[in-house]
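Residue numbers (our numbering), protein chains in the order written: chain A, 1 to 512; chain B, 1001 to 1512.
Each residue gets a CB set at the ideal place from its N, CA and C atoms; glycine is no exception.
The structure appears right after this line, and notes come after that.
2 protein chains.
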Amino acid sequence: MEQNVKNTVIKTNPGDNVGIVCNASGLQKGAAVLDGIILREFIPMGHKVALENISEGKEVIRYGEIIGTANQEIKPGEWVNEFKINLPVPPDLEQINYTQPKSENFEKLEDYTFQGYRNPDGSVGTKNMLGISISVQCVAGITNYIVEKIRKELLPKYPNVDDAVAFNHSYGCGIAINAPAAIIPIRTIKNLAQNPNFGGEIMVIGLGCEKLRPERLMPDGSTESENSILYLQDEAFTGFEEMIDGILEMADKHLQKLNERERETCPASDLVVGMQCGGSDAFSGITGNPAAGFAADLIVKAGGTVFFSEVTEVRDAVHLLIPRAETKEVAEALKREMKWYDDYLLNGQADRSANPSPGNKRGGLSNVVEKALGSMVKSGSSAIVDVIAPGEKIRKKGLNFVATPASDFVCGTLQLAAGMNMHVFITGRGTPYGLREVPVIKVSSNSKLGDRWHDLIDLDAGPIAFGQKTISEVGNELFHLILDVASGTKKVAADKLGIHNDLVLFNPGPLT
Amino acid sequence: MEQNVKNTVIKTNPGDNVGIVCNASGLQKGAAVLDGIILREFIPMGHKVALENISEGKEVIRYGEIIGTANQEIKPGEWVNEFKINLPVPPDLEQINYTQPKSENFEKLEDYTFQGYRNPDGSVGTKNMLGISISVQCVAGITNYIVEKIRKELLPKYPNVDDAVAFNHSYGCGIAINAPAAIIPIRTIKNLAQNPNFGGEIMVIGLGCEKLRPERLMPDGSTESENSILYLQDEAFTGFEEMIDGILEMADKHLQKLNERERETCPASDLVVGMQCGGSDAFSGITGNPAAGFAADLIVKAGGTVFFSEVTEVRDAVHLLIPRAETKEVAEALKREMKWYDDYLLNGQADRSANPSPGNKRGGLSNVVEKALGSMVKSGSSAIVDVIAPGEKIRKKGLNFVATPASDFVCGTLQLAAGMNMHVFITGRGTPYGLREVPVIKVSSNSKLGDRWHDLIDLDAGPIAFGQKTISEVGNELFHLILDVASGTKKVAADKLGIHNDLVLFNPGPLT
Chain A
1 MEQNVKNTVI
11 KTNPGDNVGI
21 VCNASGLQKG
31 AAVLDGIILR
41 EFIPMGHKVA
51 LENISEGKEV
61 IRYGEIIGTA
71 NQEIKPGEWV
81 NEFKINLPVP
91 PDLEQINYTQ
101 PKSENFEKLE
111 DYTFQGYRNP
121 DGSVGTKNML
131 GISISVQCVA
141 GITNYIVEKI
151 RKELLPKYPN
161 VDDAVAFNHS
171 YGCGIAINAP
181 AAIIPIRTIK
191 NLAQNPNFGG
201 EIMVIGLGCE
211 KLRPERLMPD
221 GSTESENSIL
231 YLQDEAFTGF
241 EEMIDGILEM
251 ADKHLQKLNE
261 RERETCPASD
271 LVVGMQCGGS
281 DAFSGITGNP
291 AAGFAADLIV
301 KAGGTVFFSE
311 VTEVRDAVHL
321 LIPRAETKEV
331 AEALKREMKW
341 YDDYLLNGQA
351 DRSANPSPGN
361 KRGGLSNVVE
371 KALGSMVKSG
381 SSAIVDVIAP
391 GEKIRKKGLN
401 FVATPASDFV
411 CGTLQLAAGM
421 NMHVFITGRG
431 TPYGLREVPV
441 IKVSSNSKLG
451 DRWHDLIDLD
461 AGPIAFGQKT
471 ISEVGNELFH
481 LILDVASGTK
491 KVAADKLGIH
501 NDLVLFNPGP
511 LT
Chain B
1001 MEQNVKNTVI
1011 KTNPGDNVGI
1021 VCNASGLQKG
1031 AAVLDGIILR
1041 EFIPMGHKVA
1051 LENISEGKEV
1061 IRYGEIIGTA
1071 NQEIKPGEWV
1081 NEFKINLPVP
1091 PDLEQINYTQ
1101 PKSENFEKLE
1111 DYTFQGYRNP
1121 DGSVGTKNML
1131 GISISVQCVA
1141 GITNYIVEKI
1151 RKELLPKYPN
1161 VDDAVAFNHS
1171 YGCGIAINAP
1181 AAIIPIRTIK
1191 NLAQNPNFGG
1201 EIMVIGLGCE
1211 KLRPERLMPD
1221 GSTESENSIL
1231 YLQDEAFTGF
1241 EEMIDGILEM
1251 ADKHLQKLNE
1261 RERETCPASD
1271 LVVGMQCGGS
1281 DAFSGITGNP
1291 AAGFAADLIV
1301 KAGGTVFFSE
1311 VTEVRDAVHL
1321 LIPRAETKEV
1331 AEALKREMKW
1341 YDDYLLNGQA
1351 DRSANPSPGN
1361 KRGGLSNVVE
1371 KALGSMVKSG
1381 SSAIVDVIAP
1391 GEKIRKKGLN
1401 FVATPASDFV
1411 CGTLQLAAGM
1421 NMHVFITGRG
1431 TPYGLREVPV
1441 IKVSSNSKLG
1451 DRWHDLIDLD
1461 AGPIAFGQKT
1471 ISEVGNELFH
1481 LILDVASGTK
1491 KVAADKLGIH
1501 NDLVLFNPGP
1511 LT
């Protein structure tokens, strides 16, 4: 689609002094772009061109925000890359004041529905799966074996059940279970099992001698441990076959109940959509993320729930988020999570400059500030109603900041634990991200990737860069795609191909 | 076998003031045991009975060493459990002086051989496998898919190749790659691929935009990256099918070479045996671990290599290990690794009391000191020739301390990276531990487990507790079993059943 699109450079905000080269093969020296500027050197796709003279020490502006200061004079038409920009200091959390935003009378969206599995607790699933928790890594070899057996021997009897999955992890023993940070992985495992896609059927396989007691993984107030917890070391099992039979028997009881679930019409307000980006490039902030943000606003207007996450990728834009906090408590919670992460990184002798990745940089993202500004766009423009600490479940509908590392599968795992029933993943460089537990809609930020990975990408936001589609058009497409996939009438690429990654726990505590 | 064995209590050292109840159902109040002592209460199997009056503040002695002080008066015949013992302070690393041990003229063992796969670098494999490394977690969904495909479509063409395996992990991006601790996971991934069981055939699947560059995972000095590294983001691949074809093509080249490997007669000095215990009980230190230690000495006498590990489980016995260091440098290295771990735990607001696990305690191990004393026995009695930091490869034959967390699969993974070709795992409570990459011989420390888990346990050391077999008899059995399994003539339970756990990386650094 590029052949008719000559020398495209995008300025994301009228105040910017840099623009983004959109052409797939970059732009050559001598090319004329915005405002009659002539390129002084070759600039690759996604990278920045100076639109005015930026003298040494002067601010480089993108998205109307400072992304750093020039460490040398940059002439109009020059390539503005990571080597020419110094990283600014991050916003001082103590210095950001909060004023409650005026409550906007959002036009409410009604009449949008999807076909979901309504659960007794009111949540709605988009898949119907048996989820098996483990209390300790030692049993993961057995759960791999058992899940294969369930798929082959039991699932054919239960046509309404989509799949079975074990949440294998490397936690549960050989860990400091009394360390302050232990609460994070423990509540994550517990809340994962309560994700709406598992229909409230809890099944935990324990070993017996582990530090993490399986009882701690049961829902609060639950008394059903007899049909929910099984220990491999139980003296009732003589040998491997009896163990396996015992597990299959327990699984069968849960599958019978899950098989009774049927899809019913649910309002879009039952959507819980986790937004995430990974393998980002400079287009992510122009195309994919703004389109996701547009869809996020539609979901919130429809009364639904949206998550955005990735602490290190919003840290440098926190001064833009705090004014969006619905209450002072939410603003304080935002600061608290940022502060926790600042300390966590410092403790590991790292800092935020560890992000972005080399691929982000090759994609044109000079530093974490530019990445953050492009990343937070996917939250749309709604008020932030709550902040969810790592591993916690959501409490409110609306836009939630779910505090997670940016590490893709850790973020996805924590969003699952928080209760998401749909996942949107925006990528510029391309990653084959897929989760078995929830449908993942993959959005490409540029058509070069969208075209090449035609069977791995679900929606291409690339045409936005060339004005062939608007942000609202792609945002609307995404909204409707979310409803269709949530209903099970459309399948995402990851599910069609059967490409699924394992969940990854966030364990900030030490091993022993 | 217990019916003929009445009231058995074992004293592990003449100086001990406690003994261990061996009877599977424990011993009842009133039972007469060693030295005419009458039990004052029921004491479960594996737990300790006071053999003399231990007044408050007095030392409790097991293995001839102080395992703590009584926090109340304990009368002869009383149960000595975790609640009655205070944890002593650990040996002060600075205060342990080193004197070079007299070099003993060990009788050399010759004539023992096994059938192994000799590699160009001199190492010897006990399996013949294709190992696929990944540079980042994002590609793990693809490697799972590809390994299945290799097993079904390629392996039938290569009858000399046992299996294919992907070393999936959750590292490579979303991590602080410049944090000081990053070297640990990086060299672990790199050295895993060089384990003798993979025949030097290196194959790395990368994404393209990750922080961990696949080139860093190639062996030092290697120039063969063309046939060894593949990026999913490579523009040569249009879509999923082409990616898969590309990976299969690369795998096929490596499989052709692996298929040329044949077993040949190798001296026992080519064995590299990793010793580990997990789910320990009080018998581990009386039966399984001493038998493993006996086998360890035989292997060292035969010129082979033995690993023992688990820093937190030897920390409290380090004053007994340092005198066994072959040189002052080795003694210093031991102290350095212990110090590193002390700091690591402190940094995570944890300490060594996080070990033992509840199951260890139910099994009779009161605290980490008692656990450590029983744990280090599996190192046998040889001099310690070298200390290997987490993720490093071994440099010397003989007994090596491979510094790892005690967490079972993290320890196993680091022992694999260090180069083990055989694994011995001693358990008292029972765990279904298995690794695909190397044969794991599971030894039970008590016959109650050995009998019940008849098809999961490879060797029962339980009869030692009742004098039905001696430590040297079971140690010899284990030595010969190691040779048979290494030769491929005997299969371990985990391989027969197909129960294998995933490897787990040790990443002490932060996520971003």
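**Report entry** Helix, strand or coil at residue 477(A) according to DSSP, with G and I counted as helix
**Finding:** Against the first sequence, residue 477(A) aligns to sequence position 477. Taken through DSSP and simplified to helix, strand or coil, residue 477(A) comes out as helix.
**Report entry** residue 1379(B) vs residue 1296(B) beta-carbon contact at 8 Å
**Finding:** The residue you call residue 1379(B) lines up with position 379 of the second sequence. The residue you call residue 1296(B) lines up with position 296 of the second sequence. Yes. Within cutoff.
Query raised in the report: Would a C-beta distance cut-off of 8 Å place residue 1106(B) and residue 1298(B) closer than the cut-off?
Result: In the second sequence, the residue the question calls residue 1106(B) occupies position 106. In the second sequence, the residue the question calls residue 1298(B) occupies position 298. With respect to the 8 Å criterion, residue 1106(B) and residue 1298(B) are not classified as neighbours on the basis of their beta carbons.
Query raised in the report: Among 472(A), 445(A), 467(A), which has the Cα closest to the Cα of residue 459(A)?
Result: For this step, residue 459(A) is matched to residue 459 along the first sequence. Comparing Cα-Cα distances from residue 459(A) to each of 472(A), 445(A), 467(A), the minimum goes to 445(A).
Query - Contact set between residue 504(A) and chain B, taken where Cβ atoms lie within less than 8 Å - result: For the purposes of this step, residue 504(A) is taken as residue 504 along the first sequence, with counting starting at 1. Under the 8 Å cutoff, chain B gives 1137, 1170.
Query - Cut-off 7 Å between Cβ atoms - residues of its own chain near residue 211(A), not counting five sequence neighbours on either side - result: Here residue 211(A) is taken as the residue at index 211 of the first sequence, counted from 1. If we look at residue 211(A) and ignore the five residues flanking it on each side, its Cβ neighbours are 172, 173, 175, 177.
**Report entry** Closest Cα partner of residue 13(A) within the set 63(A), 415(A), 488(A), 482(A)
**Finding:** Against the first sequence, residue 13(A) aligns to sequence position 13. Out of 63(A), 415(A), 488(A), 482(A), 63(A) has the C-alpha closest to the C-alpha of residue 13(A).
Query raised in the report: In chain order, which beta strand (DSSP E) runs of at least 3 residues are fully inside the region 1382-1430 of chain B?
Result: Here the runs fully enclosed are 1384-1388, 1398-1402, 1422-1427.
Query raised in the report: For the putative contact between residue 1302(B) and residue 1117(B), defined by C-beta atoms under 8 Å, what is the C-beta separation to the nearest angstrom?
Result: The residue given as residue 1302(B) occupies position 302 in the second sequence. The residue given as residue 1117(B) occupies position 117 in the second sequence. A Cβ-Cβ distance of about 19 Å is found for the pair residue 1302(B) and residue 1117(B), leaving them out of contact under the 8 Å criterion.
Requested in this report: Below 8 Å on the Cβ atoms is my guess for residue 311(A) versus residue 405(A); work out the distance and round it to an integer in Å.
Outcome: Counting from one through the first sequence, the residue named residue 311(A) turns up at place 311. Counting from one through the first sequence, the residue named residue 405(A) turns up at place 405. Between residue 311(A) and residue 405(A), the beta carbon gap of about 7 Å places them in contact (Cβ cut-off 8 Å).
**Report entry** residue 1343(B) - containing alpha helix (DSSP H), residue span
**Finding:** Working through the second sequence from its first residue, we reach residue 1343(B) at position 343. In this chain, the alpha helix (DSSP H) harbouring residue 1343(B) covers 1328-1347.
Query raised in the report: Under the three-state reduction of DSSP, which class applies to residue 145(A): helix, strand or coil?
Result: Position 145 of the first sequence, counting from 1, holds the residue named residue 145(A). When DSSP states are grouped into helix, strand and coil, residue 145(A) belongs to the helix group.
Query raised in the report: Going along chain B in order, which residues have a C-beta closer than 8 Å to the C-beta of residue 501(A)?
Result: Here the question's residue 501(A) lines up with position 501 in the first sequence. Per Cβ cutoff of 8 Å: 1137, 1138, 1140, 1141.
Report task. State yes or no: is the beta carbon of residue 455(A) nearer than 8 Å to at least one beta carbon in chain B? Result -> Walking along the first sequence from the start, residue 455(A) turns up at place 455. Chain B contact via Cβ: present.
Report task. Pull up the distance between the alpha-carbon of residue 17(A) and that of residue 55(A), whole angstroms please. Result -> For the purposes of this step, residue 17(A) is identified with residue 17 of the first sequence, where counting begins at 1. For the purposes of this step, residue 55(A) is identified with residue 55 of the first sequence, where counting begins at 1. Spanning the two alpha carbons is a distance of roughly 12 Å.
Query raised in the report: Beta carbon of residue 1205(B), beta carbon of residue 1218(B): below 8 Å?
Result: Taking the first residue of the second sequence as 1, we reach residue 1205(B) at position 205. Taking the first residue of the second sequence as 1, we reach residue 1218(B) at position 218. Cβ atoms of residue 1205(B) and residue 1218(B): not closer than 8 Å.
Query raised in the report: Looking at chain A, which residues of the region 1236-1250 of chain B have a Cβ within less than 7 Å of any of its Cβ atoms?
Result: Shown in chain order are the members of the region 1236-1250 of chain B whose Cβ falls below 7 Å from a Cβ of chain A: 1238, 1239, 1240.
Query raised in the report: Would you say the region 1152-1159 of chain B touches the region 1249-1259 of chain B, given that touching needs at least three Cβ pairs under 8 Å?
Result: Contact holds: three or more Cβ-Cβ distances are below 8 Å.
Report task. Identify, in the order they occur along the chain, each residue of the same chain with its Cβ nearer than 8 Å to the Cβ of residue 1072(B), setting aside the five sequence neighbours on each side. Result -> Here residue 1072(B) is taken as the residue at index 72 of the second sequence, counted from 1. The residues are 1056, 1084.
Query raised in the report: For residue 1265(B), which residues from the same chain have a beta carbon less than 7 Å from its beta carbon, with the 5 sequence-adjacent residues on both sides left out?
Result: Within the second sequence, residue 1265(B) is the residue found at index 265, counting from 1. For residue 1265(B), where only same-chain residues beyond five positions count, the Cβ hits under 7 Å are 1113, 1115.
Query - Cβ shell of residue 1004(B) (< 8 Å), same chain only, five flanking positions each side left out - result: Along the second sequence, read from residue 1 onward, the residue named residue 1004(B) stands at position 4. Summary for residue 1004(B): the model assigns pLDDT 46, below 50, so the residue's position carries little reliability; its value from the coordinates is reported in the next sentence. Answer for residue 1004(B): no residue qualifies.
Query raised in the report: Can you give the Cα-Cα distance for residue 1067(B) and residue 1052(B), rounded to whole angstroms?
Result: Numbered from its first residue, the second sequence carries residue 1067(B) at position 67. Numbered from its first residue, the second sequence carries residue 1052(B) at position 52. So the two alpha carbons sit approximately 16 Å from each other.
Requested in this report: Specify the secondary structure class of residue 1217(B) as computed by DSSP and reduced to three states.
Outcome: Taking the second sequence and counting its residues from 1, the one referred to as residue 1217(B) is at position 217. Taken through DSSP and simplified to helix, strand or coil, residue 1217(B) comes out as helix.
Requested in this report: Express the C-alpha separation of residue 103(A) and residue 382(A) in angstroms, rounding to a whole number.
Outcome: For the purposes of this step, residue 382(A) is identified with residue 382 of the first sequence, where counting begins at 1. For the purposes of this step, residue 103(A) is identified with residue 103 of the first sequence, where counting begins at 1. The alpha-carbon atoms of residue 382(A) and residue 103(A) are separated by roughly 10 Å.
Query raised in the report: Which chain A residues are close to residue 1408(B), counting only those with a beta carbon under 8 Å from its beta carbon?
Result: Here residue 1408(B) refers to the residue found at position 408 of the second sequence. Residues of chain A passing the Cβ test: 137, 138, 173, 174.
Report task. Quick one: give me the first and last residue of the beta strand (DSSP E) that residue 256(A) is part of. Result -> Position 256 of the first sequence, counted from the first residue, corresponds to residue 256(A). First-last for residue 256(A): 239-258, but that is the alpha helix (DSSP H), not the beta strand (DSSP E).
Query - Rounded Cβ spacing between residue 284(A) and residue 374(A) (contact assumed at less than 8 Å) - result: By one-based count along the first sequence, residue 284(A) stands at place 284. By one-based count along the first sequence, residue 374(A) stands at place 374. Rounded to the nearest angstrom, the Cβ distance from residue 284(A) to residue 374(A) is 5 Å, consistent with a contact under 8 Å.
Query raised in the report: Would you say residue 145(A) faces chain B, with C-beta separation under 8 Å as the test?
Result: Locating residue 145(A) in the first sequence gives position 145, where the first residue counts as 1. Among the CB atoms of chain B, one or more fall inside 8 Å of the CB of residue 145(A).
Query raised in the report: For a contact meaning CB atoms closer than 8 Å, what does residue 350(A) contact in chain B?
Result: In the first sequence, the residue the question calls residue 350(A) occupies position 350. Per Cβ cutoff of 8 Å: 1176, 1178, 1179, 1509, 1510, 1512.
Query raised in the report: How would you label residue 1512(B), buried or exposed, when you count the other beta carbons within 10 angstroms and need 16 or more for buried?
Result: The count along the second sequence starts at 1 and reaches residue 1512(B) at position 512. By the 10 Å Cβ count, residue 1512(B) comes out buried.
**Report entry** Contiguous beta strand (DSSP E) assignments of at least 3 residues, all confined to the region 6-64 of chain A
**Finding:** Taking only runs of at least 3 residues, the beta strand (DSSP E) segments lying wholly in the region 6-64 of chain A are 18-21, 48-50, 59-62.
Query raised in the report: Quick one: does residue 1120(B) have its CB under 8 Å from some CB of chain A?
Result: As a first step, residue 1120(B) is located in the second sequence; it is residue number 120 there, counting from the start. No, its Cβ sits nowhere closer than 8 Å to a Cβ of chain A.
Report task. Please list the segments of the alpha helix (DSSP H) lying wholly inside the region 123-191 of chain A, counting only runs of 4 or more residues, in order along the chain. Result -> Along the length of the region 123-191 of chain A, whole alpha helix (DSSP H) runs at least 4 residues long occupy 140-149, reported in chain order.
Requested in this report: Compare the C-beta of residue 1224(B) against all C-beta atoms of chain A and say whether one is closer than 8 Å.
Outcome: Taking the second sequence and counting its residues from 1, the one referred to as residue 1224(B) is at position 224. No - not a single Cβ of chain A is within 8 Å of the one on residue 1224(B).
Query raised in the report: Can you tell me whether DSSP reads residue 463(A) as helix, strand or coil?
Result: Mapped onto the first sequence, residue 463(A) falls at position 463. Residue state, collapsed to three classes: helix.
Query raised in the report: How would you call residue 1236(B), buried or exposed, if buried means at least 16 neighbouring beta carbons within 10 angstroms?
Result: Within the second sequence, residue 1236(B) is the residue found at index 236, counting from 1. Residue 1236(B) is exposed by the Cβ-count criterion.
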